[in-house]
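To start, the structure under review is shown below, and the notes come after it.
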Amino acid sequence: MKTGGLGLKISRRTLLKQGVSLAAVPIVARAARDDAELIYNRHIRLFYRPEMVLNRDVAANYSKSPQKPRLLLRFLQKKNLLTHFHQVSDWEPFDPQKFLIAHTRNYVDAFFAGIEPLASSNGLEWSAQFADSVRYTNASLYHAVAAAVKDPATVTFSPSSGFHHAMPTRGAGFCTFSGQVIASTNIYRQHRLSGVHIDLDGHYGNSIEDSRYFVKDLDLAVPPGCNVNPKGAHGEYLEDLRQQLMRIRKLFLRGQVHYVVYAHGADSHQWDDLGGQCTTEEWLAAARLVYTWINDLSRRLGRPVPLTLALFGGYREDDYDIVLSLHAADAA
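Under UniProt numbering, the first residue of the sequence shown carries the number 1, and numbering increases by one thereafter.
Written out as structure tokens, the structure reads:
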């Protein structure tokens, strides 16, 4: 979770395009960053394979999620930030049967065969290559969580999105399969560990809640109340996040939950095309709340809490680099 000063400069420089003064962008990451050096290893393990990415930009797709993993890596490389990551590529994609953990066979079979209307129920244009790519994005999140659980001192990162609106019977909202449900259910069944999902996307992540009736042990994999989606906007949003983190802290101290998956969607920023809960200062303050909370919790437990990062939403038709800069400011 350590970033160099360049990471903050990138965030500020890019945000200037939005009319935000330098004085208005607080250095919110430094304290959490310095604390993190005492708890977590310096480099983040990045679970990326090129097959995660749709090879061509599809004009019909409003969302750039199918290209986002590659776009983010190129952005990090351009800004000399990839040195903070150790890329891990020796992991396997999911077999289509893996998706049956969280989805009906009718939906899984229809999607991979390209049968409409289910094949494009996610709001994205279907292609065989896109169908193949979701096998990798969903597997990336699972392998990242599994690695964090195995080696809690190393933060892991799955540069993936397109999960948290999917339902057992169909896709929705640019989301195809419920990668969160699949990852956490697998982790619970393999290790009897329960997880917390901190979802700071601009839109409520319904997938976990909508899957509880379908996945019988999901209440054990992600206990009720552990799908954190702050309510409101601005100060109310930050206060709700703070209160939910304090509630989750008690569950960790009781040994009821064991790891965190944290996704800070860029669409919760006020100038996102589809979002708007937070100003720049508030968006960065939300990140600081999470990182300070997890560092304090790790100290209280006497060990690092397993932590996995993911991307989720972000939409800017005029300048997508602004979306990428927000992700970089958090994840780098």
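Beta carbons: idealized from backbone N, C-alpha and C, even for Gly.
Selection from the options that minimises the alpha carbon distance to residue i
i           : options                        : result
SER158      : ILE248, LEU141, HIS165         : LEU141
GLN87       : HIS143, ASP199, ASN229, ASP201 : HIS143
ALA102      : VAL222, LEU73, GLY179          : GLY179
SER325      : GLN77, VAL260, TYR259          : GLN77
LEU124      : ASP109, ALA172, TYR107         : ALA172
SER89       : GLY255, ILE198, ASN55, ALA147  : ALA147
LEU220      : ASN229, HIS258, GLY205, ALA233 : HIS258
residue 356 : GLN190, PHE130, THR154, PHE252 : The requested residue 356 does not occur in the structure, where the chain is confined to residues 1 to 332.
residue 372 : HIS269, HIS164, LEU200, ILE187 : Past the edges of the chain, shown from 1 to 332, lies residue 372, and the structure says nothing about it.
ILE182      : ILE115, GLY255, VAL261, ALA113 : VAL261
LEU193      : HIS164, PRO223, THR176         : PRO223
ASN206      : GLN190, HIS269, ASN229         : ASN229
ALA131      : GLU116, THR176, MET246         : THR176
GLY225      : HIS197, ALA233, TRP126         : HIS197
Local conformation of residue i per DSSP, three classes
i      : result
ASP219 : helix
ASP151 : coil
HIS143 : helix
Buried or exposed by the 16-neighbour rule on C-beta atoms within 10 Å, applied to residue i
i      : result
ARG49  : buried
LYS216 : exposed
SER121 : buried
ASP330 : buried
MET52  : buried
GLY265 : buried
ALA128 : exposed
SER160 : buried
GLN244 : buried
ASP95  : exposed
LYS250 : exposed
PRO93  : buried
GLY195 : buried
ASN227 : buried
ALA153 : exposed
ASN55  : exposed
GLN67  : buried
GLY255 : exposed
ASN295 : buried
GLN277 : buried
Bridge-paired residues (DSSP) for residue i
i      : result
ALA310 : ALA263
LEU46  : GLN87, PHE157
ARG170 : MET167
ILE198 : VAL228, TYR262
HIS103 : For HIS103, which the question treats as bridged, DSSP gives no partner whatsoever.
HIS269 : CYS278
(message) With a threshold of 8 Å, are at least 3 pairs of Cβ atoms found where one atom belongs to the region 201 to 216 and the other to the region 165 to 172?
(response) Using a Cβ-Cβ distance cut-off of 8 Å, the region 201 to 216 and the region 165 to 172 are in contact, since at least three pairs of beta carbons, one from each stretch, lie closer than that value.
(message) Under 8 Å, with one C-beta from each stretch per pair, do the region 237 to 244 and the region 135 to 149 reach the 3-pair mark?
(response) Cβ pair count under 8 Å is below three, so no.
(message) If contact is defined by three or more beta carbon pairs under 8 Å, each pair taking one atom from either stretch, is the region 107 to 126 in contact with the region 74 to 81?
(response) Here the region 74 to 81 makes no contact with the region 107 to 126; the two share fewer than three CB pairs at distances below 8 Å.
(message) Would the region 275 to 282 count as touching the region 299 to 309 if we require 3 or more Cβ pairs under 8 Å?
(response) Inter-segment contact for the region 275 to 282 and the region 299 to 309 is absent: fewer than three beta-carbon pairs are separated by less than 8 Å.
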